[in-house]
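According to our numbering, the sequence shown is numbered sequentially starting from 54.
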Amino acid sequence: MEQRELAGLVDTAHGFQSRRIFHDEAIYRLELERVFARCWLFLTHESLIPNSGDFQTALMGEDRVLVVRQADASIRAFINSCQHRGNVLCHADSGNTRAFTCNYHGWSYGIDGSLAAVPLEAEVYRGALPKAELGLMQVAQVASYKGFVFGCFDPQAPSLADYLGEMAWYLDTYVDAVPGGTEFLGGPMKYRLPCNWKLPAENFAGDGYHVGWTHAAALMTMAKDPHVGGMQGNTTQNSVATDGLHVATNHGHGFSLLDDGYSGIALHDQPEVTAAWLTEQRPVVRERLGDWRSRFFGSHCNLNVFPNFSALPMGVNTFRVWHPRGPAEIEVWIWALAYRDMPGEVKEATRHCHMKTFGTAGLFEGDDAENMQYATDVCRGHVTRAGRMYSGMGLGRGGAHPELPGTVHQGAIAELAQRSFYEFWQQLLVAPDWSAVAGLSTHAAAGERA
Ligand code: UNU
Ligand code: FES
Ligand code: FE
């Protein structure tokens with residue numbers, strides 16, 4: 054595909070995207086190379102691999118990887134494929150091991166990825182096996198941000214902290230609010246959905262618009278709080294349409310929230326249980342993170358770390374990766390987040406709320422899945438695919454904020470974060486390498502800033 058053709062897929066200044074980007078093999082192959090083999094991708098949470106030899110399997114784009122806690126407590130990641138005749142090495146989703154042994158001929162690798170033992174080595178290789186060259190392929194960079202483990206295939210990519218950039222300040226609200234830190238409550242749960250990976254990613258990056266409409270029935274059934282419950286049906290009776298904040302940060306990440314301190318727990322069966330915990334923690338959060346983020350703490354919110362790591366922290370507490378499995382299919386991996394020092398009943402309330410809303414069979418999960426699926430499937434149409442879609446809401450209304458990082462829109466309902474997501478996506482597709490990306494200003498071209 055030519056540069057000019059790629060550049061025409063996204064028109065950030067007016068808020069349009071070509072429908073081709075959701076159903077095209079050539080664009081998909083380019084995404085695997087220039088988005089997924091270049092960006093930092095979420096792998097797992099440190100709490101799931103606490104001890105030496107603990108491992109989790111993960112995906113980076115379509116590449117299968119093993120994420121392994123080392124004897125020195127560091128974390129490494131390897132391509133999950135045997136270096137002999139290429140079979141998948143480890144078939145278990147997770148576990149603890151002293152070695153990874155291949156099903157096919159029995160080659161065995163240490164937890165550091167080195168080739169340790171080969172059946173009949175002396176007899177069949179007769180001293181000629183170049184063992185040192187046959188260790189597992191390593192993921193170039195692995196790093197943890199406050200317990201959240203990411204990997205990156207590109208040795209030239211910026212550090213994880215630089216990649217998260219302005220978004221780290223917002224993430225800290227959820228990952229660094231209280232001294233005990235975070236943990237994942239088991240998982241991941243997985244399911245497949247016939248949709249393009251970008252649709253759920255941009256939805257979590259900033260689609261406050263769909264919540265009251267798509268989820269009207271689910272909100273009617275479950276919402277206990279008038280602020281979140283009031284979103285149902287998107288009537289103008291409730292201030293939610295203009296409340297809150299919507300933020301785009303550099304590198305295509307997006308974030309939005311209602312900053313009332315409690316709306317995140319509106320879907321709990323007994324919000325008062327978790328509300329008591331939030332009230333108790335709030336002075337601690339203010340001490341650690343200041344006024345803004347102590348108000349964010351507990352508020353209904355959504356975010357996406359580009360490209361495909363999304364979350365609804367606080368109350369719902371769902372964290373997920375939209376793994377690409379072809380242009381029109383994803384595998385969704387879902388985890389529930391808790392704070393390590395939460396009382397047991399609050400953890401249990403969190404797990405329960407997560408399951409009933411955004412677990413694999415969650416009411417809200419099903420609502421979203423249907424939209425994602427049909428927005429993808431319709432692009433099979435030859436003529437449809439030549440069309441475009443619109444993300445121009447709030448164009449030009451975002452800007453720099455005296456106290457908050459990124460480009461900020463007053464009011465949670467906007468499409469600034471979606472425009473920024475597609476702008477950065479397009480920059481990556483066109484750029485030959487990271488040095489070409491680094492010089493570009495992101496979301497400035499959205500007309501939000503001169
Ligand atoms: O769909 C959502 N982004 C959402 C719905 C988030 C929180 C509660 C309900
Ligand atoms: Fe937004 Fe149809 S109204 S996709
Ligand atoms: Fe939704």
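Even glycine gets a Cβ: it sits at the ideal position worked out from N, Cα and C.
- Between Gly188 and Leu168 a beta carbon distance of about 6 Å is seen, short of the 8 Å cut, so the two are scored as contacting.
- Straight-line spacing of the CA atoms in Gly351 and Ala319 works out to 10 Å.
- Exclusion of the five residues before and after Val121 leaves Phe108, Arg129 and Ile164 as the residues of its chain whose Cβ lies within less than 6 Å of its Cβ.
- Residue side-chain check: Asn256 places its Cβ nearer than 7 Å to a non-hydrogen atom of the ligand FE.
- Rounded to whole angstroms, the Cβ separation of Gly459 and Ala301 is 6 Å, and the two are in contact under 8 Å.
- The alpha-carbon of Ile74 is positioned some 31 Å away from that of His98.
- Residue environment analysis places Ser363 among the buried positions, since at least 16 neighbouring C-beta atoms fall within 10 angstroms of its C-beta.
- Secondary structure note for Asp107: its beta strand (DSSP E) is the uninterrupted segment Asp107 to Met113.
- Across the set Pro211, Leu59 and Thr437, the C-alpha of Pro211 shows the shortest separation from the C-alpha of His304.
- Within 7 Å of the C-beta of His67 there is not a single heavy atom belonging to the ligand FE.
- Under DSSP, Gly148 shares a beta bridge with Phe108.
- For Glu418, the enclosing alpha helix (DSSP H) has its first and last residue at Leu416 to Asp430.
- Distances taken from the Cβ of Val264 to the heavy atoms of the ligand UNU include one shorter than 7 Å.
- By the C-beta criterion, the region 221-236 is judged to be in contact with the region 385-392, since at least 3 inter-stretch pairs fall below 8 Å.
- For Leu311, the closest alpha carbon among the candidates Gln323, Ile466 and Tyr227 is that of Ile466.
- By the 16-neighbour rule on beta-carbons within 10 angstroms, Thr410 is buried.
- Pro279 carries a helical assignment under DSSP once its states are collapsed to helix, strand and coil.
- In this structure, Gln123 is the residue among Gln123, Glu86, Leu217 and Gly159 with its C-alpha nearest to the C-alpha of Asn104.
- Closest by C-alpha distance to Arg378, out of Ile102, Val369 and Glu115, is Glu115.
- With distances taken between CA atoms, Gly240 lies nearest to Trp386 out of Val483, Trp386, Val88 and Asp64.
- By alpha-carbon distance to Gln471, the top candidate from Met273, Ser444 and Val483 is Ser444.
- For Leu320, the shortest C-beta to heavy atom distance toward the ligand UNU is below 7 Å.
- Placement of the Cβ of Thr403 at a distance of 7 Å or more from every heavy atom of the ligand FE is found.
- Judged by pairs of C-beta atoms under 8 Å, the region 261-278 does not touch the region 470-485, as fewer than three such pairs exist.
- Between Val63 and Gln70, the C-beta spacing is below 8 Å.
- One Cα belongs to Leu448, the other to His462, and the distance between them is close to 10 Å.
- Set against 7 Å, the gap from the CB of Thr413 to the closest heavy atom of the ligand FE is not smaller.
- Distances from the CB of His353 to the heavy atoms of the ligand UNU include at least one below 7 Å.
- Segment contact: the region 210-229 against the region 190-201, three or more CB-CB distances shorter than 8 Å; contact assigned.
- A residue is called buried when at least 16 other Cβ atoms come within 10 angstroms of its Cβ; Ala276 meets this threshold and is buried.
- Of all alpha-carbon atoms in Gln334, Thr332, Asp486 and Gly259, the one lying nearest the alpha-carbon of Leu298 is that of Gly259.
- Between the alpha carbons of Leu482 and Leu356 lies a distance of about 22 Å.
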